[in-house]
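*Asks:* In our numbering, the protein residues as written are 1 to 424.
Virtual Cβ for every residue (Gly too), placed ideally from N, Cα, C.
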Ligand SMILES: [Zn+2]
């Protein structure tokens with residue numbers, strides 16, 4: 001008997017499956033699982049045709065996935081076929097499988113438990129204001145996760161994994177916070193390590209941008225390439241295609257992810273940034289810069305900044321136009337490179353973008369021309385915590401079902417060391 005992470009006893013995989021599926025074939029189970037996730041419910045015949053596997057092999061995969069609690073068989077008696085063999089459809093067990101989304105949105109941390117039907121089952125949050133060090137933040141997170149685990153046990157769920165969305169500059173391999181930038185206490189926080197050691201929950205720690213992206217992706221037309229700009233204390237960017245996050249590993253030693261575009265220097269002599277460099281896009285347009293500049297006009301919070309813009313403060317409106325113009329110019333290359341047709345602006349400062357919209361397009365057009373820039377749709381999305389949390393849990397499900405989606409590009413070295421099934 002082995003026990004799973006909730007302490008429940010788990011039967012061993014039956015010997016006839018273990019004996020007949022090699023390790024490579026166990027990896028192929030994931031393809032069967034993905035097919036059912038995308039197109040299910042499916043019959044054995046449909047799956048074998050789609051994947052080019054024999055029906056017998058498909059059947060073993062189905063049984064293994066059923067044993068794992070991921071799929072179940074619906075035995076249907078087809079009409080008009082008499083008492084023949086019942087046909088059997090396989091479907092995803094959505095309501096008993098769950099993921100956790102953790103969102104670090106300073107000064108708060110949010111934890112959401114969601115099942116595979118995307119139903120939120122529990123949402124928790126805590127303030128990190130009093131935390132001075134990452135250990136303290138870790139303790140706060142553990143208290144919330146502890147409560148979520150209690151819910152998992154009460155509902156008799158199988159918790160598959162977690163996704164943690166973090167701001168700042170992350171270590172590309174571990175997801176630990178390398179440079180916290182706007183919330184120093186996060187420095188050094190290794191959520192994935194903590195979740196593994198304390199709760200044995202496989203966790204992927206990734207950029208806050210991933211949660212923003214997946215939160216928006218639901219409303220972004222399929223087959224289009226989108227840029228999600230999240231504007232809060234910092235300024236972050238996430239690109240996605242066909243509702244999947246695009247990630248690349250950059251050329252410098254530690255590797256960079258696209259979310260760090262906010263910390264790409266556009267002027268070596270530019271204003272100093274919290275990250276230690278000069279002239280980052282964020283050093284012109286991040287919320288913290290605006291708070292510094294407009295403190296004397298009574299802007300003491302991001303909400304107050306939005307109010308200042310709405311009140312029509314002339315100097316501030318001019319600043320917003322300048323920032324938007326600069327964004328348009330400096331994002332134009334990426335817009336062209338990735339073929340972006342949809343731009344979403346989100347985060348607490350997103351409403352301010354409306355005052356700079358024209359300037360943004362003017363900046364874009366200066367670099368890529370009027371024709372290309374007019375093909376880009378820009379939408380401002382109201383800042384919604386619910387959307388952000390749903391984005392984090394959606395990212396968690398995708399990380400479980402498509403582990404390669406996050407590994408393939410941003411963590412090439414890990415992928416080369418060998419694939420493994422998430423959760424194992
Ligand atoms: Zn910077």
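Measure the Cβ-Cβ separation of residue 241 and residue 225 and say whether it is below 8 Å.
*Replies:* Against a cut-off of 8 Å, the Cβ pair of residue 225 and residue 241 comes out as a contact.
*Asks:* Rounding to the nearest angstrom, what Cα-Cα distance links residue 51 and residue 32 in this structure?
*Replies:* Rounded to the nearest angstrom, the two C-alpha atoms are 8 Å apart.
*Asks:* Confirm the yes/no value for this check: CB of residue 330, any heavy atom of ligand 1, distance under 7 Å.
*Replies:* Checking the Cβ of residue 330 against ligand 1 gives no.
*Asks:* Less than 8 Å between the C-beta atoms of residue 116 and residue 98, yes or no?
*Replies:* Yes, they are a contact pair.
*Asks:* Is residue 180 close to ligand 1? I mean its beta-carbon at under 7 Å from any heavy atom of the ligand.
*Replies:* Flag unset: Cβ of residue 180 not near ligand 1.
*Asks:* Please find out if some non-hydrogen atom of ligand 1 comes closer than 7 Å to the beta-carbon of residue 277.
*Replies:* Result yes, Cβ under 7 Å from ligand 1.
*Asks:* Tell me whether residue 34 sits in a helix, a strand or coil according to DSSP, three-state version.
*Replies:* Note: residue 34 maps to helix in three-state DSSP.
*Asks:* What is the C-beta distance between residue 152 and residue 194, in whole angstroms, given that I count them as a contact (C-beta under 8 Å)?
*Replies:* Wrong, their Cβ atoms sit about 17 Å apart, outside the cutoff.
*Asks:* To the nearest angstrom, how far is it from the Cα of residue 70 to the Cα of residue 94?
*Replies:* Distance between the alpha carbons of residue 70 and residue 94 is about 8 Å.
*Asks:* Report the residue from 160, 47, 402, 291 whose alpha carbon sits nearest the alpha carbon of residue 88.
*Replies:* Nearest C-alpha to residue 88: 47.
*Asks:* When you compare each of 160, 388, 269, 136 to residue 210 by their alpha carbons, which one comes out closest?
*Replies:* Looking at the Cα atoms, 388 is the closest of the given residues.
*Asks:* For the stretch 159–175 against the stretch 118–138, do three or more pairs of beta-carbon atoms, one drawn from each stretch, fall closer than 8 Å, so that the two count as touching?
*Replies:* They do not touch, by the three-pair rule.
*Asks:* Could you tell me whether the stretch 339–346 touches the stretch 298–309, where touching means 3 or more Cβ pairs closer than 8 Å?
*Replies:* As far as the Cβ criterion goes, the stretch 339–346 does not touch the stretch 298–309, which means the pair count is below three.
*Asks:* Residue range of the beta strand (DSSP E) that residue 345 falls in?
*Replies:* Note, residue 345: beta strand (DSSP E), 342–346.
*Asks:* Where residue 353 and residue 325 are concerned, what is the direct C-alpha to C-alpha distance, given to the nearest angstrom?
*Replies:* One C-alpha to the other measures close to 11 Å.
*Asks:* Between which two residues does the beta strand (DSSP E) carrying residue 120 extend?
*Replies:* Its beta strand (DSSP E) spans residues 120–127.
*Asks:* If you measure from the CB of residue 283, is any heavy atom of ligand 1 nearer than 7 Å?
*Replies:* Yes, ligand 1 has a heavy atom inside 7 Å of this Cβ.
*Asks:* When you compare the CB positions of residue 138 and residue 189, do they come within less than 8 Å of one another, or not?
*Replies:* Yes, the Cβ-Cβ distance between residue 138 and residue 189 is below 8 Å.
*Asks:* If you draw a straight line from the alpha carbon of residue 38 to that of residue 92, how long is it in whole angstroms?
*Replies:* Residue 38 and residue 92: Cα-Cα distance of roughly 10 Å.
*Asks:* Measure the Cβ-Cβ separation of residue 230 and residue 214 and say whether it is below 8 Å.
*Replies:* Going by C-beta atoms, residue 230 is not nearer than 8 Å to residue 214.
*Asks:* Please report how far the alpha carbon of residue 216 lies from the alpha carbon of residue 379, in whole angstroms.
*Replies:* Those two C-alpha atoms are separated by around 11 Å.
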